[in-house]
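Numbering (this note's numbering), first residue to last: 521 to 900. We put the CB at the ideal spot given by N, CA and C, even for glycine. Some notes on the structure that comes next.
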Amino acid sequence: MEVFEKVPSDVPAPGLTPEETGYWIGLNRISGIGPVNFRLLLTYFQDDLAAAWRANSQELARAGLHQKTSEAFLAQRGKIEPERQLELLGKQQVSCLTWRDPGYPALLREIDDSPPVLYLRGSLTEADKFALGVVGTRNATHYGEQVAERLATDLARGQVTVVSGLAIGIDTIAHKAALEAGGRTIAVLACGLDIVYPKKNCALARHIVESGQGALISEHSLGVQPDSGNFPARNRIISGISQGVLVVEAGEKSGALITATDAAKQGREVFAVPGSIFSGRSLGTNRLIRDGAHLVLDVKDILDALNLFMLPQQMEVQQALPENAEERTLLALLSHEPIHIDELTLASDLSAPSVSATLMMLELKGLVRTLGSTQFVLAR
């Protein structure tokens with residue numbers, strides 16, 4: 521179904537030549553060449569994907585590909601023309617970002633199974649690094665709908681990008697609320713970007729792109745249908761591109777719980793809204809809270825946990841004050857394990873006043889959190 525006007529474009533992905541980008545897209549169309557095999561090919565062929573594309577079965581085996589994967593690669597390769605891939609994307613008004621492109625989302629790049637190629641319709645901005653996944657059941661109660669609308673609205677007004685999966689229910693409400701509040705939203709699809717699923721949300725998908733307030737993204741090549749197996753994998757991108765995930769309403773077997781599990785594995789914060797113990801649609805969220813997720817009563821609970829309570833000021837400071845040598849030194853010493861300011865001073869070889877002032881600036885930028893008793897950790 522055509523949802524967008526086709527606008528030809530021959531602009532390559534930043535950081536790669538058009539020819540190189542074509543090989544990235546071509547390899548991404550080969551079934552069996554996922555993040556693990558992509559890395560094997562990049563390592564063995566020293567980032568020369570043109571050489572990887574032309575490789576024979578012996579070279580592919582030496583690169584580490586299993587025989588069945590190599591056979592599938594060789595069989596499919598003849599049906600794909602790398603030089604045509606950018607042209608096809610341009611006709612569908614779709615761009616792409618690869619691991620080698622500076623515009624690839626930094627948070628998503630951190631996860632172990634980040635997609636080698638990310639397809640994009642619309643635009644990602646610097647503000648999108650402050651993002652929160654908002655997910656929940658497709659069959660929301662009136663309570664769930666109210667909560668999703670309120671929290672997504674407040675997040676958008678606080679300049680936090682709302683990320684969701686364009687599904688019916690909580691996802692749709694979250695996207696719409698963010699747009700109506702004048703904020704940004706990202707929809708992660710489980711199919712190619714020349715397809716909108718569910719069809720009921722075609723108008724919403726168009727609005728996200730044409731409003732300039734967000735983007736549709738996918739790891740899937742053009743033409744890939746929304747098969748059931750694509751959705752669990754899609755969820756890791758929702759959490760991977762976000763600083764945390766909020767589950768508004770979810771039953772015992774809701775797909776939203778998969779997103780929450782992915783978030784926990786990726787080291788992201790997990791938030792959940794409590795519901796009635798008599799409601800099956802709150803069983804999943806209540807159990808998340810029981811098992812350690814942050815209980816959310818209002819947006820402040822989220823902003824405080826993520827150190828985003830001064831986000832507008834943080835964004836202003838980040839733009840005005842580039843990272844300096846002192847900041848780089850302390851960031852290299854910090855981790856998600858608490859460290860005392862005295863240890864940082866000793867390890868950094870900086871003066872105590874300099875360490876104290878730099879930590880204060882890093883906290884204002886949202887890069888560092890204090891845990892009290894002059895203990896510090898990375899904020900994300």
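- A straight-line Cα-Cα distance of about 30 Å links ILE706 and ASP567.
- For TYR663, the secondary structure class from DSSP, reduced to helix, strand or coil, is helix.
- Counting along the chain, the unbroken alpha helix (DSSP H) around TYR564 starts and ends at 555 to 564.
- Here LEU628 has SER634, ILE757, GLY760 and ILE761 as same chain residues with Cβ atoms under 7 Å from its own Cβ, once five neighbours each way along the sequence are excluded.
- Under the 10 Å beta carbon count, ASP691 is surrounded by 16 or more other beta carbons and is classified as buried.
- Shown here for ALA668: same chain residues with a beta carbon closer than 8 Å to its own, the five before and five after excluded, namely VAL654, GLY656, ALA660, ILE690, ILE693, ALA694, ALA697, VAL768 and GLU769 in chain order.
- Three or more beta-carbon pairs drawn from the stretch 538 to 545 and the stretch 612 to 632 are found closer than 8 Å, and the two stretches are therefore classed as touching.
- Going by C-alpha positions, ASP632 is about 11 Å away from ARG559.
- SER874 and GLU846 do touch by the CB rule: their CB atoms are close to 6 Å apart, below 8 Å.
- Less than 8 Å divides the Cβ of LEU898 from the Cβ of LEU854.
- For ILE553, same chain residues with a beta-carbon under 6 Å away, outside a window of 5 residues either side, are LEU547 in chain order.
- CA-CA distance, ILE737 to LYS649, rounds to 15 Å.
- Note: GLY653 is bridge-paired with VAL683 and VAL765 in the DSSP secondary-structure output.
- If you look at VAL708, you'll find it isn't in any alpha helix (DSSP H); it sits in the beta strand (DSSP E) that goes 705 to 708.
- Straight across, the Cα-Cα distance linking LEU644 with GLY734 is about 7 Å.
- Taken through DSSP and simplified to helix, strand or coil, GLN612 comes out as coil.
- With 16 or more other Cβ atoms from the protein chains shown falling within 10 Å of its own Cβ, ILE809 counts as buried.
- Taken in chain order, the complete beta strand (DSSP E) segments of 3 residues or longer contained in the stretch 697 to 736 are 705 to 708.
- Our two residues, GLU601 and THR537, have alpha carbons roughly 16 Å apart in a direct line.
- Remark: C-beta atoms of PRO858 and LEU826 do not approach each other more closely than 8 Å.
- With a contact defined as Cβ atoms closer than 8 Å, ARG641 and LEU713 qualify at about 5 Å.
- In the three-state scheme derived from DSSP, where H, G and I count as helix and E and B as strand, HIS860 is classed as strand.
- The C-alpha of ALA575 is placed about 10 Å away from the C-alpha of LEU569.
- In the three-state reduction of the DSSP assignment, VAL793 falls in the coil class, being assigned neither a helical nor a strand state.
- Note that the C-beta distance between ASN721 and LEU675 is not below 8 Å.
- The three-state secondary structure of GLN745, taken from DSSP, is coil.
- Comparing alpha carbon positions, the residue from ASN557, GLY732 and VAL716 closest to ALA592 is ASN557.
- Rounded to whole angstroms, the separation of the alpha carbons of VAL680 and ARG807 is 26 Å.
- A check of alpha carbon separations from LEU817 across LEU724, GLY743, GLU540 and ARG670 identifies ARG670 as the nearest.
- Annotation for LEU870: GLU846 and THR849 place their beta carbon closer than 7 Å to its own, counting only its chain and skipping 5 residues before and after.
- The residues THR849, LEU850, LEU853 and VAL875, in chain order, have a CB closer than 7 Å to that of SER868 in the same chain once the five nearest residues on each side in sequence are set aside.
- Separation of ALA626 and GLU772 (C-alpha to C-alpha, rounded to the nearest whole angstrom) is 32 Å.
- Look at LEU815 here: in three-state DSSP terms it is strand.
- The C-beta separation of GLY678 from LEU823 comes to about 6 Å, placing the pair in contact by the 8 Å criterion.
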